[in-house]
Every structure is written in structure tokens, then in C-alpha cells.
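Notes follow the structure.
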Amino acid sequence: MKKHIPNVITLLNLLCGSIAVILVINNYFVASAIFVFLGIFFDFFDGLAARKLNVQSELGLQLDSLADMVTSGLVPGLMMYKLIELTGPQWDNMKYNSTVGFEFSNAELYLFLPIVGLLITLASAYRLANFNIDTEQQSYFKGLPTPANALLILSFPLIMEFQNNDVINATITNIWFLIGVTILSCYVLNAPFKLFSLKFKTWGFSENSIRYIFLLLSIVLLIVLQFAAIPVIIVSYILLSLFAQKTIV
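Just so we're aligned, residue 10 is where the sequence shown starts under the working numbering, counting upward by one.
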């Protein structure tokens, strides 16, 4: 019976991701973000449960990646699609001509730009597939993990909803900012540099100094900046990892 516990937790991650897909499609961005956060919570504990119960399996590994593909791959891609869509004309601005089909003005060509957001989903799929066949990523990551990238993208609607800063809102709803974040996101997901894992083998400070510094910094940033801290934390995670490249093993 205990061998099924981690897989049930993984399926809860997938359920949360599936609900988040429905919510983001229907423009319930905040609710979608909440379910992604909940899914990532389950994603963290399924592996922990498998290790503690000593029931790790190939099935669990594959199931975990499939769940992550939805929660941390499809949802952020759809969220970016929706955010880019909100910066320009709507689909119902298109006109249909029975002779030539759909007609587009220069402004309406803008309608195809939101598809760029789905590049995040493609990059996430590649990253997850590569992770599954890479035997080196046991104690560290190559490239940004998909849950961290999902937190970055899903933080944008939360920042706009709860912090309501005109400057920040204008930045997040800028088309070039969103496209830039999309391209950068696709790169860091599959970048060749090492990023430290938050798994603690021991509790000593010397061998875990970078982890303790990062966790303390994250707590302070969350208290001070609230949801706006999430992008800063992700950037800090990458910068700290780059600084400590030689010590990450």
C-alpha cells in the first residue's frame, strides 16, 4: 500500500495543474496561480515521500514528469499567452470575408503574438525530457527547474492583483517585457550552468551555506516585497548559483 502514496501525491499535483489550465483559459488568473502553487507543493512532497518510504520507482519518475509538464509547463505557457493577449487587440476584432477568408489589418496581425508565450511550454517539455535522461542531475540542476519558472510566470498576475503599483503594472503589461521574459525563460530552463538544489544531505552550515543564505534572503524578500519578491527570488537563485558554480556538485 505504501508504494502508492508518492504516486497519489503526484496525481494530486496533476489534478491541481489540470484545474489551473481550466482557470487560466477562463481568465481566472489568481485562482490558476493558487492551484499551480498547490501543485508545486505536492511536487515537492511526492519525491520526499518516495525517499522516506524507500519506494522510488521508474513509474514514479515518469509520472512526476508528466504531472510537471501540465502544472509547471502547460499552465505558465498559457498564462504568458493570456498576458500577451491582454496587451493588444482581441480575437473578435478579426473580420471574415467569404472570398478571401480572414482579413487582418496591421494591428490585427498583433493577434498572433500571444502564441509566442507557448514557447515556454515547449522549452519546459524539452527540459523535463532532458532531466529524465541526465544521470548527473542528482544533487544539482542544469538549467532552471520548471516549478521555479512556473512560479516566476504565475507571480505576474498576483503582483498586479494584490500590489497594484502603476509602474509595476505598466511593466508587466508591456508587450516587449513579456516577450523578453518568454525568451529568457526558454533559455534559462535549458541553460548549461548548474543551479544548486535545496535538498539537504546534512544540516551543517559550511556545506549548506548557499542554501541557508538563499532561504534567509527569500524570507526577507517575501516579507518586504510580498508577491513582487518572487521574480527577485528567482533571479537571486540564478545569480547565487552562478557565483558558486565551482562548489556545486
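Where is the CB? At the ideal position from N, CA and C, for every residue including glycine.
In the DSSP output, what is residue i paired with across the bridge?
i: residue 149; result: 205
How should residue i be labelled, buried or exposed, when 16 other C-beta atoms within 10 angstroms of its C-beta is the threshold for buried?
i: residue 240; result: buried
i: residue 18; result: buried
i: residue 88; result: buried
i: residue 67; result: exposed
i: residue 16; result: buried
i: residue 256; result: exposed
i: residue 60; result: exposed
i: residue 244; result: exposed
Within the continuous alpha helix (DSSP H) that includes residue i, where are the two ends?
i: residue 52; result: 38–62
i: residue 198; result: 184–198
i: residue 78; result: Run containing residue 78: none; DSSP gives neither H nor E here.
i: residue 256; result: No alpha helix (DSSP H) holds residue 256; DSSP gives it neither H nor E.
i: residue 171; result: 155–171
i: residue 252; result: 238–252
i: residue 27; result: 14–34
i: residue 233; result: 214–234
i: residue 86; result: 84–95
i: residue 137; result: 128–142
i: residue 178; result: 175–181
Excluding the 5 residues flanking residue i on each side, which residues of the same chain have their C-beta closer than 7 angstroms to its C-beta?
i: residue 167; result: 39, 42, 236
i: residue 164; result: 236, 239, 240
i: residue 207; result: 220
i: residue 251; result: 202
In chain order, what residues of the same chain have a beta carbon less than 8 angstroms from the beta carbon of residue i, not counting five sequence neighbours either side?
i: residue 195; result: 128, 129, 131, 132
i: residue 201; result: 151, 152
i: residue 124; result: 90
i: residue 27; result: 79
i: residue 181; result: 92, 165, 168, 169, 187
i: residue 143; result: 151
i: residue 234; result: 241
i: residue 138; result: 74
Considering only residues of the same chain and omitting the five flanking positions on each side of residue i, which have a CB-CB separation below 6 angstroms?
i: residue 62; result: 11
i: residue 51; result: 18, 21, 22
i: residue 48; result: 22, 25, 26, 80
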